[in-house]
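Here our numbering is used: the first residue of the sequence shown is 1, the next is one more, and so on. Every residue gets a Cβ at the ideal spot worked out from N, C-alpha and C, and that includes glycine.
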Amino acid sequence: MQSVTINTNQAGQRLDKFLHKYLPLAGSGFLYKMLRKKNITLNGRKAQGQEILSVGDQICTFFSEETFARFSGRTEDTAVSGGPNAPEERLLRDYTAAYERLGGIGVLYEDEDFLILNKPSGILTQKAAPEDLSLNEWMIGYLLAKNPSLAGELPTFRPSVCNRLDRNTSGIVLGGKSLAGLQYLSKCIREHSLRKYYLAICAGRLRQPASIQGFLVKDPVKNKVTVSRTGDKSAFIHTAYSPIAVTEDYTLLEVELITGKSHQIRAHLASIGHPLAGDGKYGPESVNRVFRKRYGLTHQLLHAGRIVLPKAQDRIGSSLSEKVITAPCPDWFLKLEKEIFGAGESGS
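Given below as structure tokens:
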């Protein structure tokens with residue numbers, strides 16, 4: 001027999017959903033058959049699989065050690081000594097490697113439920129390929145370095161980032177350390193109740209604040225989006241901006257991302273004739289060539305610099321209630337800003 005006691009990061013989900021994490025190599029048919037035969041029990045009783053788990057619930061599996069090891073993906077020795085709380089060694093190595101090798105990541109805020117990070121440009125938020133190391137692995141590696149016992153929870157719950165930034169966009173990334181924290185931040189993002197502000201340098205003069213809307217169409221093959229005026233087979237986008245400083249050729253903007261879609265700011269500004277400086281995907285080569293030659297810039301100038309959290313309605317989220325989180329601009333961004341706008345006009 002093997003058993004596991006449900007903790008706070010496993011509670012609140014259906015039993016069958018938990019079992020798919022606990023025994024990831026077992027199919028649904030097998031799991032439901034084991035529930036019917038009482039080879040898997042919940043608190044010593046027969047269960048259907050739809051039950052919502054609570055803290056302290058005990059799940060028992062009446063398998064041979066060989067069967068448990070086969071369906072859990074763990075070795076027999078691990079199944080006997082470490083039970084369900086032993087994540088795959090390869091994943092642990094990835095977390096450690098990311099924490100040791102990815103530099104320049106800053107912690108902006110942390111408590112028992114949340115971890116808010118400042119991502120440098122050049123680092124993926126999440127893996128794009130199995131061999132990648134990303135901010136998500138760095139986050140788990142950071143938490144493991146502080147609390148090695150977290151390794152025991154990883155097979156059934158993993159802390160995670162909740163929003164994505166493009167590889168070459170720097171700034172604020174929200175992370176959930178607990179299941180409740182993940183659910184709260186995901187809800188805020190889904191309901192657009194938090195406000196996200198970016199700093200950007202774009203081509204051309206934008207003298208007045210504006211709010212622009214459109215529809216985003218994604219080409220997954222090219223990993224590129226286009227903006228259209230109609231909503232057929234596309235996603236609605238809403239972006240607002242305010243000029244901070246203006247020269248004859250460029251504008252420093254604060255951009256509010258009202259909806260949050262892939263490449264939204266980059267494509268939306270390009271669609272109105274003001275692409276981000278250095279953006280090889282959406283900007284003209286004539287502009288990008290100047291920035292490469294004059295400043296050595298090879299990617300877009302975009303920084304997620306400020307997030308305003310909503311007023312919390314219950315305990316989860318109370319630590320972030322109406323909090324304003326800011327991320328310092330990278331030194332290279334500040335240097336370019338000073339060189340370009342040192343003698344420029346202020347936006348109105």
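Item to check | Residue range of the unbroken alpha helix (DSSP H) whose run includes Phe-157 | outcome: Here residue 157 corresponds to residue number 157 of the sequence shown, with the count starting at 1. Per DSSP, Phe-157 belongs to no alpha helix (DSSP H) and is neither H nor E.
Next on the checklist: For the structure I just gave you, are there three or more beta carbon pairs, one from the stretch 103-119 and one from the stretch 315-335, closer than 8 angstroms?
Outcome noted: The stretch 103-119, when compared against the stretch 315-335, does touch it at the 8 angstroms Cβ threshold.
Item to check | Residues that DSSP places opposite Ala-240 in a beta bridge | outcome: The residue you call residue 240 lines up with position 240 of the sequence shown. Answer by DSSP bridge pairing, in chain order: Ser-211 and Glu-256.
Item to check | Distance between Gly-122 and Arg-292 (C-alpha atoms, nearest Å) | outcome: Here residue 292 is taken as the residue at index 292 of the sequence shown, counted from 1. Here residue 122 is taken as the residue at index 122 of the sequence shown, counted from 1. Roughly 16 angstroms separates the two Cα atoms.
Checklist entry - What is the DSSP secondary structure of Pro-84, counted as helix, strand or coil? => result The residue given as residue 84 occupies position 84 in the sequence shown. Caution applies to Pro-84, whose pLDDT of 41 falls short of 50 and renders its modelled position unreliable; the value that the coordinates give is listed next. Per DSSP, reduced to three states, the secondary structure at Pro-84 is coil, with no helix or strand assignment.
Next on the checklist: Let me confirm a value: Lys-196 is counted as buried when at least 16 other C-beta atoms fall within 10 Å, else exposed. Which label applies?
Outcome noted: Reading the sequence shown from its first residue, position 196 is the one you call residue 196. Result: buried.
Item to check | Residue nearest to Arg-93 in terms of C-alpha spacing, selected from Gly-141, Phe-157 and Gly-73 | outcome: Counted from its first residue, the sequence shown places residue 93 at position 93. Taking only the C-alpha atoms, the option nearest Arg-93 is Gly-141.
Checklist entry - According to the neighbour-count rule (16 or more other Cβ atoms, all chains shown, within 10 Å of its Cβ), is Ala-145 buried or exposed? => result Here residue 145 refers to the residue found at position 145 of the sequence shown. Taking all protein chains in view, the Cβ of Ala-145 is surrounded by fewer than 16 other Cβ atoms within 10 Å, so the residue is classified as exposed.
Item to check | Where the alpha helix (DSSP H) through Asn-43 begins and ends | outcome: Taking the sequence shown and counting its residues from 1, one reaches residue 43 at position 43. That residue, Asn-43, is in no alpha helix (DSSP H); it is neither H nor E in DSSP.
Checklist entry - Would you report the Cα separation of Asn-223 and Asp-166, rounded to the nearest angstrom? => result Locating residue 223 in the sequence shown gives position 223, where the first residue counts as 1. Locating residue 166 in the sequence shown gives position 166, where the first residue counts as 1. About 11 angstroms.
Next on the checklist: DSSP has Cys-202 in a bridge; who is on the other side?
Outcome noted: Taking the first residue of the sequence shown as position 1, residue 202 is located at position 202. The beta-bridge partner set that DSSP reports for Cys-202 consists of Thr-251 and Leu-276.
Item to check | Check whether Gln-213 and Arg-164 have beta carbons under 8 angstroms apart | outcome: To locate residue 213, count along the sequence shown from 1; it is residue 213. To locate residue 164, count along the sequence shown from 1; it is residue 164. Not closer than 8 angstroms, so no.
Checklist entry - Which residues does DSSP pair with Asn-118 in a beta bridge? => result To locate residue 118, count along the sequence shown from 1; it is residue 118. Gly-106 and Ile-172.
Next on the checklist: Please confirm whether Leu-276 has its beta-carbon closer than 8 angstroms to some beta-carbon of chain D.
Outcome noted: No chain D is part of this structure, which consists of one protein chain only.
Checklist entry - Quick check: the stretch 173-189 against the stretch 278-296, are there 3 or more CB pairs under 8 angstroms? => result No: fewer than three Cβ pairs fall under 8 angstroms.
Checklist entry - If you compare alpha carbons, which of Ile-116, Gln-13, Val-308 and Leu-19 is closest to Thr-41? => result To locate residue 41, count along the sequence shown from 1; it is residue 41. Shortest Cα-Cα distance from Thr-41 to any of Ile-116, Gln-13, Val-308 and Leu-19 involves Leu-19.
Checklist entry - Would Met-1 be called buried (16 or more neighbouring beta carbons within 10 Å of its own) or exposed? => result Numbered from its first residue, the sequence shown carries residue 1 at position 1. Flag for Met-1 reads exposed.
Checklist entry - Would a C-beta distance cut-off of 8 angstroms place Phe-341 and Thr-247 closer than the cut-off? => result Here residue 341 is taken as the residue at index 341 of the sequence shown, counted from 1. Here residue 247 is taken as the residue at index 247 of the sequence shown, counted from 1. Closer than 8 angstroms, so yes.
Checklist entry - Out of Leu-185, Ala-11, Asp-279 and Leu-143, which has the shortest C-alpha to C-alpha gap to Leu-309? => result As a position in the sequence shown, residue 309 is number 309, starting the count at 1. Looking at Leu-185, Ala-11, Asp-279 and Leu-143, the one whose alpha-carbon comes closest to that of Leu-309 is Leu-185.
Next on the checklist: Rounding to the nearest angstrom, what Cα-Cα distance links Pro-209 and Leu-115 in this structure?
Outcome noted: Against the sequence shown, residue 209 aligns to sequence position 209. Against the sequence shown, residue 115 aligns to sequence position 115. The C-alpha of Leu-115 is placed about 32 angstroms away from the C-alpha of Pro-209.
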